[in-house]
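Respectively, the protein sequence lines represent chains U and V.
If you number the first sequence the way numbering that gives the first Met the number 0 does, the last residue is 367 and the count never jumps.
If you number the second sequence the way numbering that gives the first Met the number 0 does, the last residue is 367 and the count never jumps.
Number of protein chains: 2
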Amino acid sequence: MTDHLRAIYELTPAPDEDAAAKAFDITLEQTVELPDGVFSEAIRERIVGRVVTLEDSGPGRFRAVIDFRLAAIGSELTQLLNVLFGNISLKRGIRLADVEWPDSVIAALGGPGHGCAGIRRLVGARQRPLLATALKPLGLGPAALAEICTAFARGGIDLIKDDHGLSDQPSAPFADRLQACQAAVLAVNAAEGRQALYLPTVPAAWPQMMMRARAARDAGCRAVMVSPGLTGFDAIAWLRDELGLAVMAHPTTVGGFFQPDHGIAPEVRLGDLSRLAAADMVIYPNVGGRFGFDQPLCERLNDRLRRPLGGISPALPTPGGGVDVRRAPHWARCYGPDTIFLIGGSLYAQGDLTAAAGRLRHAIEGEP
Amino acid sequence: MTDHLRAIYELTPAPDEDAAAKAFDITLEQTVELPDGVFSEAIRERIVGRVVTLEDSGPGRFRAVIDFRLAAIGSELTQLLNVLFGNISLKRGIRLADVEWPDSVIAALGGPGHGCAGIRRLVGARQRPLLATALKPLGLGPAALAEICTAFARGGIDLIKDDHGLSDQPSAPFADRLQACQAAVLAVNAAEGRQALYLPTVPAAWPQMMMRARAARDAGCRAVMVSPGLTGFDAIAWLRDELGLAVMAHPTTVGGFFQPDHGIAPEVRLGDLSRLAAADMVIYPNVGGRFGFDQPLCERLNDRLRRPLGGISPALPTPGGGVDVRRAPHWARCYGPDTIFLIGGSLYAQGDLTAAAGRLRHAIEGEP
Numbered sequence: 000m001t002d003h004l005r006a007i008y009e010l011t012p013a014p015d016e017d018a019a020a021k022a023f024d025i026t027l028e029q030t031v032e033l034p035d036g037v038f039s040e041a042i043r044e045r046i047v048g049r050v051v052t053l054e055d056s057g058p059g060r061f062r063a064v065i066d067f068r069l070a071a072i073g074s075e076l077t078q079l080l081n082v083l084f085g086n087i088s089l090k091r092g093i094r095l096a097d098v099e100w101p102d103s104v105i106a107a108l109g110g111p112g113h114g115c116a117g118i119r120r121l122v123g124a125r126q127r128p129l130l131a132t133a134l135k136p137l138g139l140g141p142a143a144l145a146e147i148c149t150a151f152a153r154g155g156i157d158l159i160k161d162d163h164g165l166s167d168q169p170s171a172p173f174a175d176r177l178q179a180c181q182a183a184v185l186a187v188n189a190a191e192g193r194q195a196l197y198l199p200t201v202p203a204a205w206p207q208m209m210m211r212a213r214a215a216r217d218a219g220c221r222a223v224m225v226s227p228g229l230t231g232f233d234a235i236a237w238l239r240d241e242l243g244l245a246v247m248a249h250p251t252t253v254g255g256f257f258q259p260d261h262g263i264a265p266e267v268r269l270g271d272l273s274r275l276a277a278a279d280m281v282i283y284p285n286v287g288g289r290f291g292f293d294q295p296l297c298e299r300l301n302d303r304l305r306r307p308l309g310g311i312s313p314a315l316p317t318p319g320g321g322v323d324v325r326r327a328p329h330w331a332r333c334y335g336p337d338t339i340f341l342i343g344g345s346l347y348a349q350g351d352l353t354a355a356a357g358r359l360r361h362a363i364e365g366e367p
Numbered sequence: 000m001t002d003h004l005r006a007i008y009e010l011t012p013a014p015d016e017d018a019a020a021k022a023f024d025i026t027l028e029q030t031v032e033l034p035d036g037v038f039s040e041a042i043r044e045r046i047v048g049r050v051v052t053l054e055d056s057g058p059g060r061f062r063a064v065i066d067f068r069l070a071a072i073g074s075e076l077t078q079l080l081n082v083l084f085g086n087i088s089l090k091r092g093i094r095l096a097d098v099e100w101p102d103s104v105i106a107a108l109g110g111p112g113h114g115c116a117g118i119r120r121l122v123g124a125r126q127r128p129l130l131a132t133a134l135k136p137l138g139l140g141p142a143a144l145a146e147i148c149t150a151f152a153r154g155g156i157d158l159i160k161d162d163h164g165l166s167d168q169p170s171a172p173f174a175d176r177l178q179a180c181q182a183a184v185l186a187v188n189a190a191e192g193r194q195a196l197y198l199p200t201v202p203a204a205w206p207q208m209m210m211r212a213r214a215a216r217d218a219g220c221r222a223v224m225v226s227p228g229l230t231g232f233d234a235i236a237w238l239r240d241e242l243g244l245a246v247m248a249h250p251t252t253v254g255g256f257f258q259p260d261h262g263i264a265p266e267v268r269l270g271d272l273s274r275l276a277a278a279d280m281v282i283y284p285n286v287g288g289r290f291g292f293d294q295p296l297c298e299r300l301n302d303r304l305r306r307p308l309g310g311i312s313p314a315l316p317t318p319g320g321g322v323d324v325r326r327a328p329h330w331a332r333c334y335g336p337d338t339i340f341l342i343g344g345s346l347y348a349q350g351d352l353t354a355a356a357g358r359l360r361h362a363i364e365g366e367p
């Protein structure tokens with residue numbers, strides 16, 4: 000069994016920086032936080048990271064392969080993140096590009112509780128791409144949001160989630176919204192033989208988040224949405240382990256890490272880490288929408304969420320962020336059936352939500 | 000009473016972007032997440048943000064003042080962060096430069112439970128600058144870490160904290176480390192009439208973090224360290240409200256937000272937000288150390304932590320990250336007495352930790 004985790008960093012040294020020194024510094028900064036020489040050889044052997052290779056990778060750029068000892072990481076997600084991109088986040092020109100995950104780390108984190116197959120069972124869809132939408136806008140009351148749930152469930156949307164900005168504002172307090180929206184979706188399911196799910200968004204301070212998630216489960220919800228950038232990644236595994244809920248992860252705030260020369264590659268942060276941390280569904284901003292991901296990145300993300308990985312379940316890529324309903328069949332052909340298409344604004348723009356959702360469902364069922 | 004929160008963004012539009020459109024987009028993206036026109040006038044009036052001014056602020060740069068309705072924010076820190084820099088984190092060329100905090104938001108968050116005066120009482124120091132150090136390196140066992148505690152407490156260090164990478168690794172499991180280090184510090188306090196504090200670092204998944212913090216309080220610790228970038232900001236107020244502990248906040252991982260053209264200004268994230276979120280002591284990377292903050296930024300940070308702010312307590316700036324012990328008196332003169340100097344490596348490099356700490360304490364007591 001391996002005793003290390005291998006991380007690959009892209010370095011962009013400043014003009015007065017030496018690439019080898021910059022790589023070596025990472026091995027100290029992320030472990031002992033001491034200058035070289037101010038610790039024993041035993042600590043160097045057991046704890047300090049090790050530069051395996053350093054290669055020129057383009058003008059002014061270098062690729063550093065660094066092995067971190069598992070003894071420095073332990074088995075907790077917080078310290079794993081700390082080692083991968085903790086103090087070095089405060090430096091410059093360091094981008095975590097990839098990680099080779101040891102089986103022991105994968106096993107400790109555990110991955111999705113439901114995964115692709117589990118979500119398909121929950122919504123009763125064997126092979127087709129899945130459809131999700133968001134309840135919006137913030138400012139509507141519980142009754143109005145519940146009416147939207149009814150319309151979307153009738154039209155054949157599988158997963159109807161709160162907009163991620165819905166928390167506990169006076170316009171739609173969490174408890175009232177939960178009861179109204181869940182009842183609306185269950186009523187359509189019962190009347191029309193559907194299996195739509197309502198996913199309340201639960202981020203808050205943890206004690207409140209725990210209460211909201213328990214209330215959701217008690218109301219019959221099978222899945223919820225969280226924003227790990229607000230709550231910390233550990234919220235997802237708590238929802239999996241304590242409540243058995245499926246989790247959709249929202250990327251709010253984490254774009255701060257996606258700089259070209261500094262940060263964490265989106266396929267590592269939204270891909271590998273979200274899946275390892277137990278997300279069953281991972282929202283990311285699709286190409287062509289309101290955000291700046293390109294298609295190769297989206298495809299890498301899809302691969303990270305679905306590829307074989309130490310025996311954990313695949314998660315469902317959930318591209319969103321301005322996907323046009325008319326382009327959905329195109330994306331279904333590109334990305335394949337094990338994808339959730341999250342489409343909001345372009346359904347709302349059509350006015351009759353049931354009809355708009357029905358057309359989308361019909362178009363998607365023809366693909367791929 | 001005001002019904003809005005004013006946020007100032009620096010915009011760096013791409014060549015094909017219009018600054019006014021970019022500013023207007025923020026008012027929608029951070030609230031209703033819908034294109035203009037796909038919501039009612041009532042929602043626009045009550046929920047959507049409003050561009051107050053947009054000014055040219057340099058070549059290719061603009062300063063946008065945006066008012067967000069408190070009705071869109073509610074009273075929770077998670078949603079406040081969401082509105083300030085949530086989805087727009089996934090875009091480009093948007094930097095949250097400043098926030099004008101309404102009294103109602105300040106009151107809802109509450110600020111430090113102990114603050115500068117409270118920390119001074121805990122360590123028995125009326126006027127002088129305070130001294131902190133870190134237990135390191137990761138890899139030492141509880142007995143070795145406890146010996147270091149003894150040496151630093153004897154030398155006159157006020158606050159002896161775990162290195163932030165110490166979690167629950169086999170080399171020094173949390174429970175063993177807590178008992179050994181706290182006993183060591185209490186023994187020196189009793190024998191030599193000191194009031195040093197041991198601060199265990201508690202980040203982990205929340206249920207574990209709660210257990211660790213309770214164990215720390217039960218062992219007699221009066222303060223702990225957390226890393227809000229790993230746990231979420233809400234951990235700090237939980238420690239304040241549930242356990243009455245003072246909190247030192249560590250900046251690990253949040254450097255991802257500190258890009259020149261995109262992210263959150265350090266004085267907002269580490270300054271205002273940390274203090275509002277209840278941090279009593281806020282670690283930041285001092286100029287001249289291993290990280291890239293310059294002196295004007297450090298001074299802005301100090302000001303944000305200490306300035307009058309809606310009646311909440313001042314917090315203690317805690318510059319660290321490679322501060323040289325010989326330069327500590329210089330920094331004490333620059334930053335003033337209401338500062339904690341966090342000095343690690345440069346004490347360890349001297350070998351005899353008690354003597355090194357004693358010299359530092361002596362030098363600092365002469366200042367300012």
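Ideal Cβ positions, reconstructed from N, Cα and C, are used throughout, including at glycine.
As the structure is a computational prediction, the values presented were derived from the model and not from experiment.
Look up residue i in the DSSP assignment and say whether it is helix, strand or coil.
| i | result |
| --- | --- |
| U:ASP240 | helix |
| V:GLY117 | helix |
| V:ILE342 | coil |
| V:LEU130 | strand |
| U:GLU364 | helix |
| V:ALA327 | helix |
| V:ALA142 | helix |
| U:GLY154 | helix |
| V:ASP165 | The question names Asp, but residue 165 of chain V is Leu in the sequence shown. Three-state DSSP puts V:LEU165 in coil, outside helix and strand. |
| U:ARG94 | strand |
| V:ALA124 | coil |
| V:ASP66 | strand |
| V:GLY85 | coil |
| V:GLY357 | helix |
Which chain V residues are close to residue i, counting only those with a beta carbon under 8 Å from its beta carbon?
| i | result |
| --- | --- |
| U:PRO417 | Past the boundaries of the shown model lies residue 417 of chain U; chain U is included only from 0 to 367, so the question cannot be answered. |
| U:HIS3 | By Cβ distance, chain V contributes nothing, its closest Cβ being about 14 Å from U:HIS3, past 8 Å. |
Using the beta-carbon of each residue, which ones in chain V are nearer than 7 Å to residue i?
| i | result |
| --- | --- |
| U:TYR347 | LEU33, VAL37 |
| U:GLY114 | Neighbours of U:GLY114 on chain V: none; closest Cβ ~21 Å, over 7 Å. |
| U:PHE290 | LEU89, LYS90 |
Quick one: which chain U residues come within Cβ less than 8 Å of residue i?
| i | result |
| --- | --- |
| V:TRP237 | ALA204, TRP205, PRO206 |
| V:PRO199 | The premise fails here: V:PRO199 is roughly 14 Å from chain U at the closest Cβ pair, so nothing lies under 8 Å. |
| V:PRO284 | LEU89 |
| V:PHE84 | THR252, GLY255 |
Name the chain V residues that come within less than 9 Å of residue i, Cβ to Cβ?
| i | result |
| --- | --- |
| U:VAL253 | SER88, LEU89, GLY255 |
| U:ILE42 | PRO136, LEU137, GLY138, LEU139 |
Residue i: which of the options sits nearest, CA to CA?
| i | options | result |
| --- | --- | --- |
| U:ALA171 | U:ALA145, U:PRO141, U:THR338 | U:PRO141 |
| V:GLY109 | V:GLN258, V:THR251, V:LEU308 | V:LEU308 |
| V:HIS261 | V:ALA236, V:LEU165, V:LEU10, V:THR77 | V:LEU10 |
| U:LEU315 | U:GLN294, U:GLN126, U:ARG216, U:ALA234 | U:GLN126 |
| V:ALA245 | V:VAL122, V:PHE61, V:GLY36, V:PRO101 | V:VAL122 |
| U:THR338 | U:GLN349, U:LEU134, U:ILE363, U:ALA348 | U:ILE363 |
| U:PHE340 | U:GLY320, U:GLU191, U:ASP351 | U:GLY320 |
| V:HIS249 | U:PHE23, U:ASN81, U:ALA63, U:ASP66 | U:ASN81 |
Residues of chain U with CB under 7 Å from residue i, in chain order?
| i | result |
| --- | --- |
| V:ILE147 | Within chain U, no residue comes near V:ILE147; the closest Cβ sits about 12 Å away, beyond 7 Å. |
| V:LEU46 | What sits at residue 46 of chain V in the sequence shown is Ile, not Leu. Within 7 Å Cβ-Cβ: PRO136, LEU137, GLY138. |
| V:LEU229 | THR77, LEU80, ASN81, GLY231 |
| V:HIS361 | Per Cβ cutoff of 7 Å: no residues; V:HIS361 is ~22 Å from chain U at best. |
| V:GLY344 | LEU33, PRO34, VAL37 |
| V:PRO250 | LEU89 |
| V:GLN294 | Within chain U, no residue comes near V:GLN294; the closest Cβ sits about 16 Å away, beyond 7 Å. |
Which bits of chain U does residue i rub up against, with CB to CB less than 9 Å?
| i | result |
| --- | --- |
| V:THR30 | PRO136, LEU137, GLY138, GLY164 |
In the segment 281-316 of chain V, which residue ranges form an unbroken alpha helix (DSSP H) of at least 4 residues, counting only runs that do not cross its ends?
If we require 4 residues or more, the alpha helix (DSSP H) runs fully inside the segment 281-316 of chain V come out as 294-305.
Mind pulling the beta strand (DSSP E) runs of 3 or more residues that sit fully within the segment 191-276 of chain V?
Whole beta strand (DSSP E) segments, 3+ residues: 196-198, 222-225, 245-248.
Are there three or more Cβ pairs, one per stretch, closer than 8 Å when the segment 221-238 of chain U is compared with the segment 155-164 of chain U?
Under the Cβ criterion (8 Å, minimum of three pairs), the segment 221-238 of chain U counts as touching the segment 155-164 of chain U.
Uninterrupted alpha helix (DSSP H) stretches inside the segment 20-60 of chain V (no shorter than 4 residues):
Scanning the segment 20-60 of chain V from its first residue to its last, the whole alpha helix (DSSP H) runs of 4-plus residues come out as 40-45.
If we count Cβ pairs, one from each stretch, closer than 8 Å, do we get three or more for the segment 264-276 of chain V versus the segment 285-301 of chain V?
Taking 8 Å as the limit for Cβ pairs, the verdict is that the segment 285-301 of chain V does touch the segment 264-276 of chain V.
Quick check: the segment 179-187 of chain U against the segment 135-149 of chain U, are at least 3 beta-carbon pairs closer than 8 Å?
The segment 135-149 of chain U, when compared against the segment 179-187 of chain U, does touch it at the 8 Å Cβ threshold.
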